[in-house]
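Notes follow the structure.
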Amino acid sequence: MGEGRGIWLAYVVAKLQCCKGKWRHISDETGIPYDTLTKIALSRVSDPRVSNVQLLHDYFVANETLDGQ
């Protein structure tokens, strides 16, 4: 895994951990299957698809912008 991708994955996992209880909503919003999202959040998949990590990364960045964080 490239260094940049590792940083994105760490960011995504940290954000998912902060959003426990909202995973179903995030799954619906991103189109990532709930089971896949759960595996990423719990680090049960060591090398998730780049497309899934990017979707989640973009989702959290967009929501930070909307929330003004």
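Residue numbers 180 to 248, in this note's numbering, belong to the letters of the sequence shown in order. Glycine included, C-beta positions come from ideal geometry on N, C-alpha and C. All figures in this text were calculated on a predicted structure; none of them were measured in a lab.
Legend entry - Within 8 angstroms, strictly: CB atoms of I205 and Y238: Indexing the sequence shown from 1 puts residue 205 at position 26. Indexing the sequence shown from 1 puts residue 238 at position 59. Taking 8 angstroms as the Cβ cut-off, I205 and Y238 qualify as a contacting pair.
Inset, instruction - Apply the 10 Å Cβ neighbour rule to L221 and answer buried if 16 or more other Cβ atoms are within range, or exposed otherwise. - result: Here residue 221 corresponds to residue number 42 of the sequence shown, with the count starting at 1. L221 should be labelled exposed.
Legend entry - Local Cβ density within 10 Å of P212, reported as buried at 16 or more and exposed below that: By one-based count along the sequence shown, residue 212 stands at place 33. So P212 counts as exposed.
Legend entry - Rounded Cβ spacing between T209 and L235 (contact assumed at less than 8 angstroms): By one-based count along the sequence shown, residue 209 stands at place 30. By one-based count along the sequence shown, residue 235 stands at place 56. Beta-carbon to beta-carbon, T209 and L235 are separated by about 6 angstroms, close enough to satisfy the 8 angstroms threshold.
Legend entry - Within 8 angstroms, strictly: CB atoms of V229 and V191: As a first step, residue 229 must be located in the sequence shown, where it is residue number 50. As a first step, residue 191 must be located in the sequence shown, where it is residue number 12. No.
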